[in-house]
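Visitor: The sequence shown runs 1237 to 1553 under our numbering. For glycine and all other residues, C-beta sits at the position ideal for the given N, C-alpha and C. Only a predicted model underlies this, so the values are computations on that prediction, with no experimental measurement involved. One structure follows; several queries about it will come next.
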Amino acid sequence: MEFAFSEDQYAFRDAVADLLAGTCPPEAVRAAWDADDPWDRDRWSALAEMGVVGLMAPDAAGGLGMTEVDLVLILEEAGRAALPEPLADTALLLPLVPDEWQESIASGLIALGVAPADATHVIGPIGADFIVVGDRAYGPPDEVDEQRSVDGSRRLLRVEDVVDGDGVFPLTGDPFDRMAFGTAATLVGVARHLIEVTVGYAKERQQFGQPIGGFQAVKHHLASALLAVEFAAPVVYRAAWSLATDQPTVPRDVSMAKAMAGDAAEQAARVALQVHGAIGYTFESDLHLWMKRVWALSPAWGDARWHRRRVADAVIG
């Protein structure tokens, strides 16, 4: 397998990055923690108008007819911005949604939250129009018993409060691998942000008359974290290609991506906290917004240990 991203794919990613820089700065992510509705409807509409939400919907449904390979760089940017809205959930499930619902989802009128069939909670569905559990979509419960997540911008609902009868519509396939892939791509973006802000802090923070970034121990920690991310990213891109081309190795490739991205993001969070020191433990620092996104997403859709076992099963049976 050999592929490279095109100039158009990089340009689309950069356009989304510019949009998120203007509409989803750290103060907007922080505000989502305390808001009754953590989603910014204007930001969601802007993403839909750009074609991001419906990127994988067919032209007939108002989408762009693109694939996971086109989406993966954009999911990284969503992670880099700690976007509160469920972009991965909605965009990646579109190909599994019945045709009559796709146009409304692609246009941004409908957003989806999603959880595995055996989950106890759905993450991030407050405000979702439909909540997918397993392979079936349900309407939101009449009475919302909201549960707080470690990531305050991604609220939880109990699955038992969501599942009601046969649901609104079935999906045409199992969403597990698609969501594990989307989570992996998002984690790569979160990890990149953590490393970038930590490098910036290390250049400014002075000790013993020089920036702490000049100390060898700090350099080595940051280099190791960056190396982990740079090794994980191509594996995530491979999973995108496997999904886009319907390869028989999708489960193996997705599990490799999720395991490596989860490990890399957790390492980036750990190093960021170590380098920032005491200030990194404070709620007033923006650092925790990204660290807690890592801690929420890393175990979601199978943690690294679960996915490594799955890879082992695929490779050695």
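To which residues of the same chain is V1386 closer than 8 Å at the C-beta, ignoring the five residues directly before and after it?
Guide: K1528, W1531, A1532
Visitor: Within 10 angstroms of the Cβ of I1552, are there 16 or more other Cβ atoms? Answer buried if so, exposed if not.
Guide: exposed
Visitor: Please list, in chain order, all residues of the same chain as T1419 whose beta carbon is under 6 Å from its beta carbon, the five residues on each side excluded.
Guide: L1533, A1536, W1537
Visitor: Whole angstroms are fine: how far does the CA of G1299 sit from the CA of Q1555?
Guide: Lying before the first or after the last residue shown, residue 1555 is absent from the chain, which here runs from 1237 to 1553.
Visitor: Does the Cβ-Cβ distance between L1393 and I1431 come in under 8 Å?
Guide: Contact: no.
Visitor: As a quick exercise: from A1271, R1541, V1288, E1313, pick the residue whose alpha carbon is nearest that of V1424.
Guide: Taking only the C-alpha atoms, the option nearest V1424 is E1313.
Visitor: Can you give me the start and stop residues for the alpha helix (DSSP H) that R1279 sits inside?
Guide: 1277-1286
Visitor: Who are the Cβ neighbours of D1400 in its own chain at under 7 Å, not counting the five residues just before and after it?
Guide: Y1374
Visitor: On the premise that G1363 lies in contact with D1276, defined as a C-beta separation below 8 Å, what is that separation, rounded to the nearest angstrom?
Guide: Actually they do not touch by this definition, with Cβ atoms about 10 Å apart.
Visitor: Specify the secondary structure class of R1441 as computed by DSSP and reduced to three states.
Guide: DSSP places R1441 in coil when its eight states are reduced to three.
Visitor: Can you list the alpha helix (DSSP H) stretches of 4 or more residues lying completely in the segment 1432-1504, in chain order?
Guide: 1452-1480
Visitor: CB-CB under 6 Å to L1407, same chain, minus the five flanking residues each way: which ones, in chain order?
Guide: L1332, D1371
Visitor: What distance in whole Å lies between the Cβ atoms of A1427 and A1347, which are believed to be in contact at a cut-off of 8 Å?
Guide: So it is not a contact: roughly 25 Å between Cβ atoms.
Visitor: Since H1357 sits in a beta bridge, which residues does DSSP pair it with?
Guide: R1394
Visitor: Given a threshold of 16 other Cβ atoms within 10 Å of its Cβ, counted over all protein chains shown, does P1320 qualify as buried or as exposed?
Guide: buried
Visitor: Where does F1519 sit, in a helix, a strand or coil, going by DSSP?
Guide: DSSP places F1519 in coil when its eight states are reduced to three.
Visitor: Which word fits F1366, buried or exposed, when buried means at least 16 other C-beta atoms lie within 10 angstroms of its C-beta?
Guide: So F1366 ends up on the buried side.
Visitor: Nearest by alpha-carbon distance to P1262: which of D1539, R1541, R1545, L1523 is it?
Guide: L1523
Visitor: Cβ of S1491 within 8 Å of Cβ of R1541?
Guide: no
Visitor: Let me know if L1307 comes out buried or exposed under the rule of 16 or more other beta-carbons within 10 Å of its beta-carbon.
Guide: buried
Visitor: Measuring CB to CB, does V1472 end up less than 8 Å from A1493?
Guide: yes
Visitor: DSSP puts P1261 in a beta bridge; with which residues?
Guide: According to DSSP, P1261 bridges with nothing at all.
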